[in-house]
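Colleague:
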Amino acid sequence: MIRKLLSYLIPITIYKNKSSWSKSIEVTWANGELVLDSENTNYSYGSLQRILRLGLKKIGFRQIKAMNKILVLGVAGGSVIKTLVDEVSFKGAITGVEIDPDIIKVANSYFKLNQIPNLTIVITDAFEFVLQANEKYDLIIVNIFQDTKMPNFLFENFFTQKLCFLLQKKGFILFNTMVLTEKDNLRNKKYVEEFYQPDFKLATIPRVEIHNELILIEKIK
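Remember, my numbering sits 561 above the position in the sequence shown when you count from 1.
#1: Can you name the start and end residues of the alpha helix (DSSP H) that Lys-643 belongs to?
#2: Give the DSSP-derived three-state secondary structure of Glu-694 in the structure shown.
#3: Should Ile-776 be labelled buried (16 or more other beta-carbon atoms within 10 Å of its own) or exposed?
#4: Which residue spans inside the region 595-678 form an unbroken alpha helix (DSSP H) run of at least 4?
#5: Among the candidates Gln-758, Asn-749, Ile-734 and Lys-673, whose CA atom is the shortest distance from the CA of Lys-619?
#6: Can you tell me whether DSSP reads Lys-762 as helix, strand or coil?
#7: Expressed to the nearest angstrom, what Euclidean distance is found between the alpha-carbon atoms of Lys-577 and Lys-730?
#8: Between the Cα of Thr-574 and the Cα atoms of Ile-586, Lys-584, Trp-590 and Ser-583, which residue gives the shortest distance?
#9: From what residue to what residue does the beta strand (DSSP E) around Lys-577 run?
#10: Let's test the definition: count the other Cβ atoms within 10 Å of the Cβ of Val-658 and tell me whether it reaches 16, buried, or not, exposed.
#11: For the region 659-673 and the region 613-631, state whether three or more C-beta atom pairs, one from each stretch, are separated by less than 8 Å.
#12: State the beta-bridge partners of Val-703 as determined by DSSP.
#13: Is it the case that the Cβ atoms of Ile-677 and Phe-651 are separated by a distance below 8 Å?
#14: Tell me whether Glu-774 is buried or exposed, calling it buried when 16 or more other Cβ atoms sit within 10 Å of its Cβ.
#15: Report the partner residues of Thr-681 according to the DSSP bridge assignment.
#16: What does a CB cutoff of less than 6 Å around Leu-645 pick up in its chain, not counting 5 residues either side in sequence?
#17: Checking 8 Å against the spacing of the C-beta atoms, do Phe-720 and Phe-726 come in under that value?
#18: Does Lys-584 come out as helix, strand or coil in the three-state DSSP assignment?
#19: Using 10 angstroms around the beta-carbon of Ser-670, count the other beta-carbons present and answer buried if the total reaches 16, otherwise exposed.
#20: In terms of residues, what are the limits of the beta strand (DSSP E) holding Lys-750?
#21: Quick check on Asn-592: does DSSP put it in helix, strand or coil?
#22: Give a yes or no on whether the C-beta atoms belonging to Ile-664 and Ser-580 are separated by under 8 Å.
#23: Are Leu-763 and Phe-756 close, meaning C-beta to C-beta below 8 Å?
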């Protein structure tokens, strides 16, 4: 494909639109691969896929492959789901929660998300989904952004407590955060310092792709 080859020289945007939740949704050929971007940041594939792949490697592909249920909060184009299916060879059930129906339409059209047989997409607010949920998961991936902003509820203790409640024994939470300012840095530092859940441990993977920090929470009992 000519556009794919040319993208090694210059990014080529093939789709651009907006939704009620995003000022801009762009699908672009960049360095030989399709990526999904918002106005100011990468939403799926590209750098975001590298970030979350690193987090999954920290947990261990073999360990993830043996899991039964995974919850993904913030689907966008579905790059982490593609990593789970194509690289980890995960065969269990994946539930993806996404607030923006328009971005799921793009993911289906350009990234074939609707062709993944073990995936269920729920169009709703992640905050409401988590508060109402009771099903247990082996891995919860939190990857929620509105362009470069992160909703405050992600860092509130009661939300973290509920996520921990939804974990199976020996389960993991993989939380992708964006750190652009000193305020963001202090927010993450406060979150880590104040984290306390019996039978859980927390670790960070700082400055992934310059502006991202991964937080990994493990249920040890």
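Ideal placement from N, C-alpha and C gives every residue a C-beta, glycine not left out. Bear in mind that the values here come from a model prediction, so they are computed numbers and not experimental data.
Modeller: In this structure, then:
#1: 640-643
#2: A small fix is needed here, since residue 694 is Ala in this sequence, not Glu. Coil, per DSSP.
#3: Result: buried.
#4: 607-620, 622-626, 640-643 and 662-672
#5: Ile-734
#6: Of the three classes helix, strand and coil, the one that applies to Lys-762 here is strand, per DSSP.
#7: Computed Cα separation, rounded: 43 Å.
#8: Trp-590
#9: That run of the beta strand (DSSP E) goes 573-578.
#10: buried
#11: no
#12: Leu-634 and Phe-736
#13: no
#14: buried
#15: Thr-656
#16: Phe-651
#17: no
#18: The answer is coil: DSSP assigns Lys-584 none of H, G, I, E or B.
#19: exposed
#20: First-last for Lys-750: 743-755, but that is the alpha helix (DSSP H), not the beta strand (DSSP E).
#21: coil
#22: At the C-beta level, Ile-664 and Ser-580 come within 8 Å of one another.
#23: yes
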